[in-house]
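A quick write-up on the structure given underneath.
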Amino acid sequence: MEIYLDNSATTAISAAARAKMLEAADNYGNPSSLHDMGMRAEKLISEARRSILTALGAKGSGEIVFTSCGTEASSLAIFGSAFAKERRDANLILTTNSEHPSVENAMRRLEKEGFEVVRISTRGGVLDLEQISSLLNKKIFMASFMMVNNETGALYNVAEAFAMIKAKYPSAITHCDAVQGFLKTRFTPARIHADLVTISGHKLHAPKGVGALYISNEMIKAKKIVPFLLGGGQENGWRSGTENVIGIAAFGAAVADIYPRLDATLSHMLGLRSYAIEKLQELDVTLNIPNRTFAPHILNITLPNIKSETMLHFLSRDGIYVSSGSACSSHSHSPSSSLIAFGLDAHKADCSLRISFSEYNQKSDVDALSEALAKGIETLVRIKR
2 MEIYLDNSAT TAISAAARAK MLEAADNYGN PSSLHDMGMR AEKLISEARR SILTALGAKG
62 SGEIVFTSCG TEASSLAIFG SAFAKERRDA NLILTTNSEH PSVENAMRRL EKEGFEVVRI
122 STRGGVLDLE QISSLLNKKI FMASFMMVNN ETGALYNVAE AFAMIKAKYP SAITHCDAVQ
182 GFLKTRFTPA RIHADLVTIS GHKLHAPKGV GALYISNEMI KAKKIVPFLL GGGQENGWRS
242 GTENVIGIAA FGAAVADIYP RLDATLSHML GLRSYAIEKL QELDVTLNIP NRTFAPHILN
302 ITLPNIKSET MLHFLSRDGI YVSSGSACSS HSHSPSSSLI AFGLDAHKAD CSLRISFSEY
362 NQKSDVDALS EALAKGIETL VRIKR
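All the letters of the sequence shown, read from the start, carry residue numbers 2 to 386 under the numbering used here.
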């Protein structure tokens with residue numbers, strides 16, 4: 002029996018997404034072709050686009066551009082905005098000190114191109130609004146803040162942060178990496194004052210290999226963003242390359258499946274998180290709980306002087322799967338920048354595990370994890386002695 006508690010890394014493909022994948026596989030025409038098979042493929046993409054815009058609460062306010070993943074969507078948002086127009090007096094970018102590598106590494110590239118990047122503190126899982134306020138005397142070109150931290154589950158107050166920036170600089174571009182936030186908390190781009198929003202399919206029970214970027218109508222009309230990948234002009238010219246029809250169709254189906262019952266799904270995951278906290282408080286672990294708001298599906302803990310990778314392999318032998326951090330940076334030998342930003346030192350960060358839930362998990366999974374962790378702590382501490 003396998004117990005999967007690494008849903009922030011990726012999720013199981015839902016029945017709805019799987020069925021749509023098979024339908025799309027049978028409609029194998031190129032969506033750019035003008036014959037019936039091409040038109041049927043294009044219809045599948047259009048259906049997915051409508052489903053996602055509906056779930057975002059953004060029908061009529063912007064476009065969805067399908068990409069190969071969340072990383073590519075964020076690259077389109079950041080580089081597409083940075084190089085849309087010549088920057089003279091406004092080259093300051095704000096981001097957080099705990100962004101996903103897809104955003105942080107894009108920022109490092111822009112620093113080499115002459116942009117000034119300031120990283121806002123997120124200590125304790127709280128976006129420092131006072132630090133943002135102190136920077137409003139400079140002309141801000143862009144702000145890129147993640148919605149939910151992928152390791153701590155902290156839910157950042159991007160709505161207030163973006164509102165502050167827009168009030169002083171209405172033309173400033175606001176981008177939100179909502180890969181861990183979309184359908185894990187309720188929001189709309191308008192409500193959080195976001196011009197650009199990144200989402201990803203495989204965090205929502207769709208297959209890997211498909212992401213999307215929401216672009217507001219204002220961004221499009223003002224020509225404040227340009228394509229990042231050039232070629233045949235697919236996706237209304239925003240993202241060239243033949244579309245992944247199977248992945249896109251499945252993404253739309255997964256979203257259409259979750260959205261109508263979102264409240265129940267969120268309540269279920271929050272209940273599991275609360276139950277896990279209750280069970281884990283009985284063990285010799287530290288719960289790294291954000292000081293204010295948090296997403297319902299992520300819980301981070303620090304083990305008692307046991308490296309996370311060691312415990313991960315111990316649990317894996319019993320078919321229990323958790324994470325030692327972001328799957329995108331799991332091969333890095335450096336401590337997690339998100340956990341350091343949260344306030345942990347390098348040693349504690351190296352001894353931390355991420356537990357992440359989906360609607361498919363049950364309390365029995367938490368019970369099994371708690372028992373296995375207790376056994377692992379006793380065994381591994383004894384071995385170290």
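A virtual CB, placed ideally from N, CA and C, is assigned to each residue, including glycine. Here the structure is a predicted model, which is why all the values come from computation and not from measurement.
Secondary structure at residue i, three-state DSSP: helix, strand or coil?
i, result
"E152", "coil"
"M143", "strand"
"L288", "strand"
"L316", "helix"
"T12", "coil"
"V119", "strand"
"S134", "helix"
"V198", "strand"
"N106", "helix"
"H269", "helix"
"I4", "strand"
"R293", "coil"
"H348", "helix"
"I341", "helix"
"R192", "coil"
"Y170", "coil"
"L354", "strand"
"P321", "For clarity, residue 321 is Ile in the given sequence; the question names Pro instead. Strand at I321."
"I94", "strand"
"I302", "strand"
"F183", "strand"
"D129", "coil"
How about residue i and residue j: are their beta carbons less than 8 Å apart?
i, j, result
"P261", "I14", "no"
"L95", "L136", "yes"
"L354", "S335", "no"
"G30", "M38", "yes"
"V246", "A42", "yes"
"R274", "G126", "no"
"G154", "S103", "no"
"S52", "A191", "no"
"L284", "L374", "yes"
"S34", "A342", "no"
"Y276", "Y5", "no"
"E152", "S359", "no"
"G58", "T189", "yes"
"P297", "L281", "no"
"L184", "F295", "no"
"P305", "V367", "no"
"T287", "I299", "no"
"T97", "L128", "yes"
"L197", "A78", "yes"
"E48", "G253", "yes"
"F315", "F80", "no"
"E117", "L93", "yes"
"H194", "A160", "yes"
Taking the straight line between their C-alpha atoms, what separation do you get for residue i and residue j?
i, j, result
"S76", "S357", "26 Å"
"G320", "M2", "6 Å"
"V119", "S82", "17 Å"
"P32", "S317", "42 Å"
"A91", "E73", "25 Å"
"S217", "A85", "15 Å"
"T12", "L263", "16 Å"
"S122", "N158", "12 Å"
"D236", "S337", "This sequence places Glu at residue 236; Asp is not what is there. Taking the straight line joining both Cα atoms gives about 35 Å."
"K308", "C352", "4 Å"
"H269", "S365", "13 Å"
"G418", "S201", "Limits of the chain in this structure are 2 at one end and 386 at the other, which puts residue 418 out of reach."
"H206", "G182", "14 Å"
"K349", "N138", "37 Å"
"G232", "E372", "54 Å"
"K224", "A250", "29 Å"
"S172", "L313", "46 Å"
"E105", "H36", "43 Å"
"G234", "V227", "12 Å"
"A265", "R187", "12 Å"
"T380", "Y361", "30 Å"
"E114", "Q363", "48 Å"
"R124", "A107", "22 Å"
Would you say the stretch 248-266 touches the stretch 142-157, given that touching needs at least three Cβ pairs under 8 Å? no
Does the stretch 60-76 come within contact of the stretch 211-228, defined as at least 3 CB pairs closer than 8 Å? yes
Scan the stretch 202-262 and note each continuous alpha helix (DSSP H) run of 4 residues or more that stays entirely inside, going in chain order. At a cut-off of 4 residues, the continuous stretches assigned as alpha helix (DSSP H) that sit fully inside the stretch 202-262 are 218-222, 246-259.
Given 8 Å as the limit, is there contact between the stretch 146-156 and the stretch 167-182, that is, 3 or more CB pairs closer than that? Yes, the stretch 146-156 is in contact with the stretch 167-182.
In chain order, what are the residue ranges of uninterrupted beta strand (DSSP E) at least 3 long that sit wholly in the stretch 29-69? 63-68
Cβ pair count under 8 Å reaching 3, the stretch 128-135 against the stretch 160-167: Touching, yes.
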